[in-house]
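Right, one structure below, let's go through it.
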Amino acid sequence: MAVAESPSPSRGGVRGGGPKRGSSPASEKAGAYIVTGDAILQPLTGGTGDPERGAVLMSDRHRSLCTLCHAGPFPDPHLHGNLAPGLAGVGARLSEGQIRLRVVDMRRLMPDTIMPSYYRVVDEEDRRIAAGWRGKPILSGADIEDIVAYLATLKG
554 MAVAESPSPS
564 RGGVRGGGPK
574 RGSSPASEKA
584 GAYIVTGDAI
594 LQPLTGGTGD
604 PERGAVLMSD
614 RHRSLCTLCH
624 AGPFPDPHLH
634 GNLAPGLAGV
644 GARLSEGQIR
654 LRVVDMRRLM
664 PDTIMPSYYR
674 VVDEEDRRIA
684 AGWRGKPILS
694 GADIEDIVAY
704 LATLKG
């Protein structure tokens, strides 16, 4: 996967084909994206995400794992984590592009974060990664776009 940096928003864009909605992360390779400042301005797929599907993914402790660390306006608040910032109002604080970069690869902004890179693939020799996940993203581009679409609705 190639990642390009663009100093100017006018050069932002997506290179390469996007994944199909509903594809399994274990069968999908991460596509290329362009980082502009603190954001990925263009969707990882050919279109925008589905906020309703994103809401479901946010609360899915087997797929996205978001609520293991984050609290927010999600079902089962007694299961929410408190290791990371709360997500209530995140859509008022961050743009869709800023949210996208944080989900794709928070380490670009905070190298010491414990948040996993959900789309960037890193198979470092000193990390233990199960064979079925090596070289593959945790979430598909479509899943990330759904989560971005949902988080962008959290304005208050």
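Once you know that position 106 of the sequence shown is 659 in the numbering used here, the rest is easy, because the numbers rise by one and skip nothing. Note that CB positions come from ideal geometry on N, CA and C, so glycine has one too.
#1: Pull up the CB-CB distance for H623 and A637, whole angstroms please, since I reckon it's below 8 angstroms.
#2: Closest by CA to D690, which one among Y672, E698, L594 and I697?
#3: Straight-line CA distance for K708 to G644?
#4: Specify the secondary structure class of A705 as computed by DSSP and reduced to three states.
#5: Hey, could you find the ends of the alpha helix (DSSP H) I652 is sitting in?
#6: Within 10 Å of its beta-carbon, does R687 have 16 or more other beta-carbons around it, so buried, or fewer, so exposed?
#7: Quick check: what's the CA-CA separation for R646 versus I652?
#8: Based on the DSSP secondary-structure assignment, which residues constitute the bridge partners of A645?
#9: Have a look at the DSSP bridge pairing and note the partners of A592.
#10: Between the beta-carbon of T598 and the beta-carbon of E698, is there less than 8 angstroms?
#11: So what's D688 in DSSP terms, helix, strand or just coil?
#12: Check whether the Cβ atoms of G607 and A702 sit closer than 8 angstroms, and answer yes or no.
Looking at the coordinates:
#1: 5 angstroms
#2: Position check: residue 690 holds Pro in this sequence, whereas Asp was assumed. Out of Y672, E698, L594 and I697, Y672 has the C-alpha closest to the C-alpha of P690.
#3: 5 angstroms
#4: helix
#5: E649 to D658
#6: exposed
#7: 9 angstroms
#8: None; A645 has no bridge partner.
#9: T589
#10: yes
#11: Here residue 688 is Gly; the residue named in the question, Asp, does not match the sequence. Reduced to three states, the DSSP call for G688 is coil.
#12: yes
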